[in-house]
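Chemist:
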Amino acid sequence: MSACLFCRIAAHEVPAQIVAETPELLAFTDINPQAPTHVLIIPKRHLGGVPDLTDEHAGLLAHVMRVATHVAQASGIAASGFRLVVNSGPDAGQSVAHVHWHLLGGRRMAWPPG
Ligand code: 5GP
Ligand code: ZN
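If you use our numbering, the sequence shown corresponds to residues 170 to 283, in order.
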């Protein structure tokens, strides 16, 4: 059994509120939402963070954008707008070492982020 929480969610070993699933990706609601819509998009295969992504992952990255748009449309925030965030490393506040995209929307976002 993997020690990585998001690998375990991807394997359906840890329950999550799944909003989209493809052979490569899983999208599920964040347990501590920071906006009315707060969904995490993860690759099912373990990748630690942005520095682990290479040209090999170009298709995966395009797929993340497609799934994000699909989830935004299904959540009714495609027109009002949304933010896709990847925290990478300690200064960015990455707390789970399995790369993930935060899809946030349903409220006005501030810039710059905190
Ligand atoms: P990070 O801080 O690494 O950018 O984001 C990790 C996110 O994972 C946080 O927003 C946190 O709320 C979420 N999270 C942590 N543990 C769980 C969990 O067990 N289930 C779900 N659905 N989200 C989690
Ligand atoms: Zn993992």
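Where a beta carbon is used, it is the ideal one built from N, C-alpha and C, also for glycine.
Using 8 Å as the threshold, is the segment 221-235 in touch with the segment 271-278, meaning 3 or more CB pairs across them?
Modeler: At 8 Å Cβ cutoff, the stretches do not touch.
Chemist: Any chance the CB of residue 208 is under 7 Å from a heavy atom of the ligand 5GP?
Modeler: Indexing the sequence shown from 1 puts residue 208 at position 39. Answer for residue 208: no, Cβ out of range of the ligand 5GP.
Chemist: Does the distance from the CB of residue 163 to the CB of residue 175 come in under 8 Å?
Modeler: The question about residue 163 has no answer here: the residues shown for the chain are numbered 170 through 283.
Chemist: When you compare only the Cα positions, how much space is there between residue 185 and residue 192?
Modeler: Here residue 185 is taken as the residue at index 16 of the sequence shown, counted from 1. Here residue 192 is taken as the residue at index 23 of the sequence shown, counted from 1. Each residue's alpha carbon lies about 17 Å from the other.
Chemist: Report the start-end ranges of each alpha helix (DSSP H) in the segment 190-277 that is 4 residues or longer and not cut off at the edges.
Modeler: Segments of the alpha helix (DSSP H) lying fully in the segment 190-277: 227-244.
Chemist: Count the CB pairs spanning the segment 196-214 and the segment 239-257 that are closer than 8 Å, and state whether there are at least three.
Modeler: Cβ pair count under 8 Å is three or more, so yes.
Chemist: If we ignore side chains and look at the alpha-carbon of each, how far apart do residue 182 and residue 254 end up?
Modeler: Sequence index remark: in the sequence shown, residue 182 carries index 13 (1-based). Sequence index remark: in the sequence shown, residue 254 carries index 85 (1-based). Computed Cα separation, rounded: 25 Å.
Chemist: For residue 269, verify whether its CB is less than 7 Å away from any heavy atom of the ligand ZN.
Modeler: Reading the sequence shown from its first residue, position 100 is the one you call residue 269. It does not: the Cβ of residue 269 is nowhere closer than 7 Å to a heavy atom of the ligand ZN.
Chemist: In whole angstroms, what separates the C-alpha of residue 200 from that of residue 210?
Modeler: Here residue 200 is taken as the residue at index 31 of the sequence shown, counted from 1. Here residue 210 is taken as the residue at index 41 of the sequence shown, counted from 1. Straight-line Cα distance between these residues: approximately 13 Å.
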